[in-house]
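Trainee: Quick note: the sequence shown uses our numbering, first residue 90, plus one each step. All C-beta atoms, glycine included, are put in the ideal place defined by N, C-alpha and C.
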Amino acid sequence: MSDDSQILENEFKMVLLTWTDTESKAGWHERIELEDYVVKPCLIMKSVGWLIYNSYIHVVLAMTCGEDHSGELLKIPWSVISDLRTVPDDTGKVYRYPPPEYLKTASAEELILVKARLDKP
């Protein structure tokens with residue numbers, strides 16, 4: 090396991106994750122038919138789960154956790170995450186990209202990715 094990731098073994102936190110979904114439209118399409126599709130914004134999704142992995146690239150939520158097993162995993166890249174908070178949000182703490190602890194050990198390539206994400210409107 091590299092130093093830029095964190096597998097959380099004992100202290101899983103329940104989190105609420107807000108993220109932008111992606112979509113595709115299979116098949117061949119006349120350009121005139123696509124106008125409504127291309128201008129429609131992507132859906133904003135909310136997911137709740139146990140945060141079992143966190144890196145500068147993505148997080149992984151488990152919908153179900155046992156003592157030695159996790160199930161129904163959801164892997165979401167930070168590039169589409171707009172908000173991640175603990176549930177219940179009794180501290181008001183909001184985790185934003187990039188997780189600050191990963192900047193200390195980030196390589197030059199990783200810092201370029203971080204800068205690109207932060208420069209996005």
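Compare the C-alpha of proline 130 against each of Thr109, Val149, Ser136 and name the closest.
Mentor: By 1-based counting over the sequence shown, the position of residue 130 is 41. Ranking the options by Cα distance to proline 130, first place goes to Thr109.
Trainee: Quick one: what's tryptophan 167 bridged to in DSSP?
Mentor: Translated into the one-based positions of the sequence shown, residue 167 becomes position 78. In the DSSP output, where bridge partners are listed per residue, tryptophan 167 has none listed.
Trainee: Once the 5 residues before and after tyrosine 184 are set aside, which same chain residues still bring their CB inside 6 Å of it?
Mentor: Working through the sequence shown from its first residue, we reach residue 184 at position 95. Only weak support is given to the placement of tyrosine 184: the predicted model assigns it a pLDDT of 48, under 50, and the value that follows is read from those uncertain coordinates. The answer, listed in chain order, is Leu173.
Trainee: Please report the residue range of the alpha helix (DSSP H) in which tyrosine 126 lies.
Mentor: The residue given as residue 126 occupies position 37 in the sequence shown. Segment 124–128, the alpha helix (DSSP H) holding tyrosine 126.
Trainee: Given a cut-off of 7 Å on the beta-carbon distance, is the pair histidine 147 and lysine 164 in contact?
Mentor: Taking the first residue of the sequence shown as 1, we reach residue 147 at position 58. Taking the first residue of the sequence shown as 1, we reach residue 164 at position 75. Yes, the pair counts as a contact, with Cβ atoms nearer than the cut-off.
Trainee: Give the straight-line distance between the Cα atoms of tyrosine 145 and tryptophan 167, rounded to the nearest whole angstrom.
Mentor: Numbered from its first residue, the sequence shown carries residue 145 at position 56. Numbered from its first residue, the sequence shown carries residue 167 at position 78. About 7 Å.
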